[in-house]
Amino acid sequence: MQRVPILKLGDILIVSIQLDLEDQTVLALQEDLADSVVAHGARGVIIDITAVEIVDSFIGRMLATIAAMCRMLDAQTVVVGMRPAVAITLVELGLSLGGVRTALNLEKGVALLDHIRGATP
Numbered sequence: 001m002q003r004v005p006i007l008k009l010g011d012i013l014i015v016s017i018q019l020d021l022e023d024q025t026v027l028a029l030q031e032d033l034a035d036s037v038v039a040h041g042a043r044g045v046i047i048d049i050t051a052v053e054i055v056d057s058f059i060g061r062m063l064a065t066i067a068a069m070c071r072m073l074d075a076q077t078v079v080v081g082m083r084p085a086v087a088i089t090l091v092e093l094g095l096s097l098g099g100v101r102t103a104l105n106l107e108k109g110v111a112l113l114d115h116i117r118g119a120t121p
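All residue numbers for the sequence shown refer to the UniProt record's numbering, where the first residue is 1 and numbers rise by one.
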C-alpha cells in the first residue's frame, strides 16, 4: 500500500495527493495526518489536489472527514489546486464539503491559513 507524504512547513502540514486514492490509502492518510497534527502541534493543514483529475463521492467525503478530524485537533484545513471539472463534479454530486475551505493554489492556501489564524498575510 502506498502512503501519501505529509510535509511540514512551520506549523502547517502539507498533503500533496499524487496517486489514486483507494480505501486503505485514505484510512492510512487519515491516521497518519491525525498523528502528525498532534506530534507537530500543527495549526493548519493544506491538502493539494492539483493532480486529482477525477473525483467521486468517496473523495468528497474523505476531504470533509479529514477537515472535521483536523478541526477536532485544533487545525484548520484548506484544499488547494481544485480543477474546474472537479469543482463541477462535486457540486453535481451534491457534496458541499461543509467546513472545507478552498484556495486556488498553495501560496493562496498558506495566506488563507495565516488570515484565519489572525496572522498578517
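For each residue, glycine too, the CB sits at the ideal point set by N, CA and C.
### Query
Which partner residues of residue 76 appear in the DSSP bridge assignment?
In the sequence shown, the residue the question calls residue 76 occupies position 76. The partner list for residue 76 (beta bridge, DSSP) reads 44.
### Query
Would DSSP call residue 96 helix, strand or coil?
Position 96 of the sequence shown holds residue 96. In the three-state reduction of the DSSP assignment, residue 96 falls in the coil class.
### Of the residues 4, 48, 59, 93, the one placed nearest residue 105, counting alpha carbons only
As a working mapping, residue 105 is identified with position 105 in the sequence shown. With distances taken between CA atoms, residue 105 lies nearest to 48 out of 4, 48, 59, 93.
### Query
Using CA coordinates, which residue listed in 21, 86, 33, 108 is at the minimum distance from residue 71?
The sequence position of residue 71 within the sequence shown is 71, counting from 1. The candidate whose alpha carbon is nearest that of residue 71 is 33.
### Query
Out of curiosity, what's the CA-to-CA distance linking residue 87 and residue 100?
For the purposes of this step, residue 87 is taken as the residue at position 87 of the sequence shown. For the purposes of this step, residue 100 is taken as the residue at position 100 of the sequence shown. Approximately 13 Å, taken between the alpha carbons.
### Message
Quick check on residue 15: does DSSP put it in helix, strand or coil?
### Response
Position 15 of the sequence shown, counted from the start, is the residue given in the question as residue 15. Here DSSP, grouped into helix, strand and coil, assigns residue 15 to strand.
### Message
Please tell me whether residue 75 and residue 110 are closer than 8 Å, where the distance is taken between their beta carbons.
### Response
Within the sequence shown, the letter at position 75 stands for residue 75. Within the sequence shown, the letter at position 110 stands for residue 110. No, these two residues do not count as a Cβ contact at 8 Å.
### Task
Compute the Euclidean distance between the alpha carbons of residue 81 and residue 103, then round it to the nearest angstrom.
Mapped onto the sequence shown, residue 81 falls at position 81. Mapped onto the sequence shown, residue 103 falls at position 103. So the alpha carbons of these two residues sit roughly 7 Å apart.
#### Entry: Per DSSP, cross-strand counterpart(s) of residue 103
Taking the first residue of the sequence shown as position 1, residue 103 is located at position 103. Residue 103 pairs with 80.
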